[in-house]
Every structure is written in C-alpha cells, then in structure tokens.
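Participant: In full-length UniProt numbering, the protein residues as written are 1 to 287. Even for Gly, the Cβ is constructed at its ideal location relative to N, Cα and C.
1) If you scan the stretch 184-240 from start to end, which runs of the alpha helix (DSSP H) of 4 or more residues do you find wholly inside it?
2) Between 66, 169, 87, 118, which has its C-alpha nearest residue 21's C-alpha?
3) Can the beta-carbon of residue 136 be found less than 7 Å from the beta-carbon of residue 178?
4) Do you know offhand how far residue 152's Cα is from residue 118's?
5) Quick one: what's got a C-beta closer than 6 Å to residue 144's C-beta in the same chain, skipping five residues either side?
6) Thinking C-beta only, is residue 225 closer than 7 Å to residue 190?
7) For the candidate residues 240, 126, 49, whose alpha-carbon lies nearest to that of residue 278?
8) So, for residue 220: in the same chain, excluding its five sequence neighbours on each side, which residues have a beta-carbon less than 6 Å away from its beta-carbon?
9) Looking at the structure shown, is residue 248 part of a helix, part of a strand, or coil, going by DSSP?
10) Please determine, among 173, 282, 105, 140, the residue with the shortest C-alpha to C-alpha distance to residue 131.
11) Among 270, 107, 94, 213, which residue has its Cα nearest to the Cα of residue 65?
12) Does the beta-carbon distance from residue 183 to residue 55 come in below 7 Å?
13) Could you compute how far the alpha carbon of residue 73 sits from the alpha carbon of residue 269?
14) For the candidate residues 267, 272, 264, 49, whose alpha-carbon lies nearest to that of residue 156?
15) Going by the beta-carbon positions, is the gap between residue 230 and residue 171 smaller than 7 Å?
16) Could you pull the start and end residues of the alpha helix (DSSP H) that residue 135 belongs to?
17) What does residue 147 pair with, by DSSP beta-bridge criteria?
18) Can the beta-carbon of residue 98 be found less than 7 Å from the beta-carbon of residue 243?
19) Grab the span of the beta strand (DSSP E) containing residue 168 for me, first residue to last.
20) In this structure, how does DSSP classify residue 59 when only helix, strand and coil are distinguished?
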C-alpha cells in the first residue's frame, strides 16, 4: 500500500478532479497502482513491486519498444466526459498566472523580470496555429511521461506507467514529443534527445505493436512531424509551469533557472522544427 500526499499549492497546476476521475478507468485498463481510497489531501494506492526507470533506460531499444506499445494502449483508454484537448487551454491558463507574478525575493524578482511575456505569448500563438493544421489525433494522454513515472519489474519484464496528475485528453504528438524531451533527464542534456532512427523505432512499435516492420513510410513521417512540432509546445508548457512553481512551490529548486533552460531549448529547436512542419504541410497540400 502507498499513501500519496498532494504537495502544497499543486492545485495551481494540477486538476485533481480530472486526475481522480481518470485513475479508476486507467486502473481498470491495467495502468498504474490500484486506487484504494481518497482523503482530503491525498490518496491510498496499491504498492507496485518495481524499480523507477532512469532517463538512459528509456533509450534502450527493448524498453523504448515496450514504452511505445504501452503508450498506444494508454491512448486507447476511454475516459468519460469532454474530449477537448487541454494543451492550449492549459498553456494559456499557465501564461495568465505566470505573467502576473510578484516575488518577495529581490534576486528572483530580477530574474523573473528578464522574461518577455509578450514574446512568449507570440510564440504560443504562432505554434498553436501551426500545430492546429497538423490534425494530430486526440487521445487520453499521460502528458508527463518522464523516467520517474515509468517503473519496471526486471524479473517479470513488466512495465508500469504511474502518476496521472497531468493526464487529460490531448494531442498524440504532444504526449510523444514530451516523452522524447524527457530523454534529456533532470539535467536537461538535450544532446540525448532521440535521433530520427531512435524515434522511428519507437513509432513502429507504437503504430503497429504486432507488425512493427510493416509501418508505412508515410505514417512514420506523419508521426515524426507531429512529435517534433509538439516537442516545442512541451518546452513552452513546462517553462510556464516552472515560472508558476518558482512562486508557489515550497520545494527548494531553481524553477526560474529551469524556465530559462526550457525556453532556451525551445528557441534553439524552433526554426528547424517549424520548417519541418511547414514543408510537410505544403507537400500534403500539393498531393
């Protein structure tokens, strides 16, 4: 049995009602620990006998294939209620909170003032317009598939997805692109972001778990464009999230520093990923 307590102020970034509704259905579909009970500021779940993965584990071909297969199943779970994708709703909500903060700590306030929220807003609007044109399928997404939310029982070879705090209906491309960003680990070493070959290995097992070698080139390219365009949205999402956490979280962590790490990586990858998406869209239009 495991007791999970919600951290202070987490309601600013997590929809607890949405999480609790989803857990029952995900648990019934074989995901995560079983929900045994709920109380004021937490929940009781069954114990999972497994180890938490590390970022380097996720890159291993056998594990990457298993994560992809499980993610496909996860995306097929039906959760009642609105199926409206939450990505941009959440990003604009985060933006509104993030852009009106005030820090008592002078150094923090100084660092916070370096953020150009006008620029960030323009980036969000531009990226939303482009990703809307990709028509990425809407699925029930995990939205936070980092190594810490993946567990493996080595003896049985069984993989577990855990912690559905950020779960919601969302774009398939976002869930996958966000997962690829997590290859960088807590140190944000983005040189570890998966190569095209590594991504295609993942996509084959995601799209056709039983016949991975029969996936068409077109399907692989479509998912490659989706994942690498929504990967940019993942940087904006977690950058804005971090700026709110800098104010709200009692955890001793340099959240503002993390904001800049994510936003800088977004800026670095932006042109390459946007031109990839644009050329894909114009080729699709010409067919």
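Facilitator: In brief:
1) 196-207
2) Distances from the CA of residue 21 to each of 66, 169, 87, 118 were compared; the closest alpha carbon is that of 169.
3) no
4) 43 Å
5) Annotation for residue 144: 166 place their beta carbon closer than 6 Å to its own, counting only its chain and skipping 5 residues before and after.
6) Their beta carbons are not under 7 Å apart, which means residue 190 does not touch residue 225 by this criterion.
7) Selected option, being the one with the closest Cα: 126.
8) 200, 203
9) helix
10) 173
11) Cα-wise, what sits closest to residue 65 is 213.
12) Yes, Cβ-Cβ distance for residue 183 and residue 55 is below 7 Å.
13) 30 Å
14) 49
15) A contact, by the Cβ cut-off of 7 Å.
16) Per DSSP, residue 135 belongs to no alpha helix (DSSP H) and is neither H nor E.
17) Residue 147 pairs with nothing; no bridge assigned.
18) yes
19) Per DSSP, residue 168 belongs to the beta strand (DSSP E) from 168-171.
20) coil
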